[in-house]
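First the structure, in the form of structure tokens, and then the observations on it.
Protein chains in written order, with my numbering: chain A, 46 to 686; chain B, 2 to 103.
Listed below in structure tokens is the structure:
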């Protein structure tokens, strides 16, 4: 069957290549190439999605490396999961790039920004289409590189390069796990191909110990990319990048890669329930702890950053209890509403030139589109009926409940309350009441290039959840080939509890920040200890600073001391020893060899001086020597002959 | 027939006289003549031994004739050199001619 799937990553990659190579030629025109490229990718993705829905399973493969005995093949495949991810990635990327037309206008590194966005998109599209772990790893690393480049876009500003380094290095730590997992995988199975590996795992063809190594390694990589405990520290700092980049990273590309990896590898995890437990607990704890930090930060982007960590925790929680479809479903809805929230926040930041919510307020009147969009995103995030988050979060919680993890279920509900609370707080502080700064009072709505993506994403944040709703015929679960097996009673109960949780969160946030029945400051003082812990995000940053950064510095100091005192000393000693030896040999050379050569010369000279006297010129003398010679010869022959 | 020892003694005497003449004379021409004496002593030896030990074939006699020819040539060359030296330096005294000195 004819398919356009292979072309999907090619267009953004070409755009990246051309923009990147043109340099100053395209200084302010990079978008004119990047946006059409990603739009073409989007169109191809949608066509592919329709084809896949019709039953097609495009795949292609070619041999990359060949040894006698085995070969490593490279290939692309599009199954329902890939098809869904393709559309989500290219759609969000398109909207972000269009939005960036307005947001990044006049930026000095405009074309570099678009080149990086294109490469980011191409890498993510390749990642979701890979049919083997090796290609996935390569795309994964390019995604990591692009996140580094884009987070460090404003590298001239203080703190930004450090944030980019932190993001890159933290995810690298997780990537070590991923590489170990791939090594164990290849050692255990001799192949990287998804289908072969999963077939082996299902038939029990992989040793249990190998499987544990593989699954834990993969989870480490995924936790690094998706900012799960204990790797979550990089994500809030990644807010140093331009806001549309945050939207892209936290919605569709970078962090989604980790969840995608786990969802893709779920057949492996099903064989090791212990590791699944670990994932579920890590996800649940991340969801709760990150959400709690969102309560106390004042930076609007940081609120969304912690919200992202928390929502990724939900997805991990879902996948950890074996809920493939709900995890993927939430990944998709989250991509839409989180991109919406970030872009709306970007619009706010663009209008008031600050990220501090204490200096905002009253923007609902000034920025009608933005505030409506943010409100829709907030409702979707909080999980209010009938917005997207309601369906996906509920399906995760229902699966958690059904799997029998009661503690995890209540953790999830608690996180849902907190989520509703902090996002309501953000809405109230940003958009309601009176402006608290001049910039906020004089803010202007952004142009249509920024508001149109907001409108489109608002529609998606409203409706994406319906794909998984019963009244739409369970479209998405059937597409993903996953049966929905929660009973009606359980579903109703979970929906009720989750909705109550959302209402509780929203209501209490309104009580605190809108009606001001309680004073948040007084609460913060009363629970000052807890407040401080939350503000320091549980001290992970300080701990990592002390343990890893300081540890590395003091280790390198020790190493440098060792280098100075031992290695350098030894090298110097070798140097001076060689020098003394050379001087000794030189003396020997002068005395012995030179003496011999010169002595030979002078000896011969002196001998010649003596011998030449024999040449007297007297013929008689010569004759006499001749006679003596003859006589001596005769005598010699007489005696010895 | 004359005994061999007589002939050898004669040749020895002639050779001794020639040798002493060559060593002791200062006149170049006399030295050349002395050398001729030594050559002829050798010739006597050649002929005598040929007669006594290889009478059937005249090897010694032939060698003697060769020696005479070579001697004559040598004497001619020697005389020519001395004539040339004498023309240049008016000298014929060997002790004074030391052109080959170091």
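Just so you know, even glycine gets a beta-carbon here, dropped at the ideal spot from N, CA and C.
Item to check | Coil, strand or helix - residue 23 of chain B by DSSP | outcome: DSSP, read as helix, strand or coil, puts residue 23 of chain B in helix.
Next on the checklist: Within 9 Å of any Cβ in chain B, is that where the Cβ of residue 649 of chain A sits?
Outcome noted: Chain B, which has no Cβ nearer than 9 Å to the Cβ of residue 649 of chain A, makes this no.
Item to check | Local conformation of residue 127 of chain A per DSSP, three classes | outcome: Shown here, residue 127 of chain A sits in a helix according to DSSP, grouped into three states.
Checklist entry - residue 120 of chain A bridges to which residues according to DSSP? => result BP columns for residue 120 of chain A point to A:106.
Checklist entry - Quick one: complete alpha helix (DSSP H) runs, 4+ long, within the region 420-445 of chain A? => result Within the region 420-445 of chain A, no complete alpha helix (DSSP H) run reaches 4 residues.
Next on the checklist: Against chain B, which members of the region 641-665 of chain A pass a CB distance test of less than 9 Å?
Outcome noted: Across the region 641-665 of chain A, CB contacts with chain B closer than 9 Å involve 657, 658, 659, 660, 661, 662, 663, 664 and 665, in sequence order along the chain.
Checklist entry - For residue 560 of chain A versus residue 568 of chain A, is the C-beta distance shorter than 9 Å? => result A distance of 9 Å or more separates the beta carbons of residue 560 of chain A and residue 568 of chain A.
Checklist entry - For residue 115 of chain A, does the three-state DSSP call read helix, strand or coil? => result Note: residue 115 of chain A maps to strand in three-state DSSP.
Checklist entry - For residue 96 of chain B and chain A, any beta-carbon pair shorter than 9 Å? => result Output row for residue 96 of chain B: interface = yes.
Next on the checklist: Let me check understanding here. Comparing Cα to Cα, which of A:655, A:473 and A:460 lies closest to residue 331 of chain A?
Outcome noted: Residue A:460 is the option with its Cα nearest to residue 331 of chain A.
Next on the checklist: What does the alpha-carbon distance come out to for the pair residue 46 of chain A and residue 85 of chain A?
Outcome noted: Reliability fails at residue 46 of chain A, whose pLDDT of 49 lies under 50, so the model's placement of it is uncertain and no value is given.
Checklist entry - Is the Cβ-Cβ distance between residue 414 of chain A and residue 490 of chain A less than 9 Å? => result Result yes, Cβ atoms of residue 414 of chain A and residue 490 of chain A sit closer than 9 Å.
Checklist entry - In chain order, what residues of the region 20-39 of chain B put their CB closer than 7 Å to some CB of chain A? => result Flagged, chain order: 20, 23 and 24.
Checklist entry - Is the beta carbon of residue 293 of chain A less than 9 Å from the beta carbon of residue 195 of chain A? => result In contact: residue 293 of chain A and residue 195 of chain A (Cβ atoms closer than 9 Å).
Item to check | Simplified DSSP state of residue 29 of chain B, which is helix, strand or coil | outcome: In this structure, DSSP gives residue 29 of chain B a helical state, which the three-state scheme calls helix.
Item to check | Burial state of residue 64 of chain A (16 or more Cβ within 10 Å) | outcome: The C-beta of residue 64 of chain A has 16 or more other C-beta atoms within 10 Å across all chains shown, which makes the residue buried.
Checklist entry - Can you list the residues of chain B that residue 672 of chain A reaches, using a CB-CB cut of under 8 Å? => result Correct list: 20 and 24.
Next on the checklist: Please confirm whether residue 101 of chain B has its beta-carbon closer than 9 Å to some beta-carbon of chain A.
Outcome noted: Output row for residue 101 of chain B: interface = yes.
Checklist entry - Tell me, which residues are paired with residue 175 of chain A by DSSP? => result Paired residue(s): A:121.
Item to check | Closer than 8 Å at the beta carbon, the chain E residues around residue 669 of chain A | outcome: The question asks about chain E, but that chain is absent: this structure's protein chains are A and B.
Checklist entry - With respect to the alpha helix (DSSP H) encompassing residue 662 of chain A, which residues constitute its N-terminal and C-terminal limits? => result Element bounds for residue 662 of chain A: n/a, residue is neither H nor E.
Next on the checklist: Let's test the definition: count the other Cβ atoms within 10 Å of the Cβ of residue 80 of chain A and tell me whether it reaches 16, buried, or not, exposed.
Outcome noted: Label assigned to residue 80 of chain A: buried.
Item to check | Euclidean distance between Cα positions of residue 6 of chain B and residue 68 of chain B | outcome: Taking C-alpha positions only, residue 6 of chain B is separated from residue 68 of chain B by approximately 22 Å.
Item to check | Contained alpha helix (DSSP H) runs [length at least 4] in the region 488-567 of chain A, N- to C-terminal order | outcome: Complete alpha helix (DSSP H) runs here, min 4: 493-508, 520-524 and 533-554.
Item to check | residue 268 of chain A vs residue 274 of chain A beta-carbon contact at 9 Å | outcome: At the C-beta level, residue 268 of chain A and residue 274 of chain A come within 9 Å of one another.
Next on the checklist: Out of B:28, B:38, B:16 and B:65, which one is the CA nearest neighbour of residue 84 of chain B?
Outcome noted: For residue 84 of chain B, the nearest C-alpha among the options comes from B:28.
Checklist entry - Is the distance from the Cβ of residue 40 of chain B to the Cβ of residue 17 of chain B below 9 Å? => result In this structure, residue 40 of chain B lies away from residue 17 of chain B, with their beta-carbon atoms at least 9 Å apart.
Next on the checklist: By the three-class DSSP mapping on this structure, what secondary structure does residue 46 of chain A have?
Outcome noted: With a pLDDT of only 49 at residue 46 of chain A, under 50, the local geometry of the prediction cannot be trusted, and the value read off the model is given with reservation. It is coil, neither helix nor strand.
Checklist entry - Thinking just about the alpha-carbon of each residue, which of A:149, A:317 and A:54 is nearest to the one in residue 167 of chain A? => result Out of A:149, A:317 and A:54, A:54 has the C-alpha closest to the C-alpha of residue 167 of chain A.
Checklist entry - Between the beta-carbon of residue 304 of chain A and the beta-carbon of residue 349 of chain A, is there less than 9 Å? => result Contact: no.
Checklist entry - Ends of the alpha helix (DSSP H) at residue 88 of chain B? => result Residues 60-90.
Item to check | Candidates A:542, A:428, A:402 and A:527, of which the one nearest residue 477 of chain A by Cα | outcome: Among A:542, A:428, A:402 and A:527, the Cα nearest to that of residue 477 of chain A belongs to A:402.
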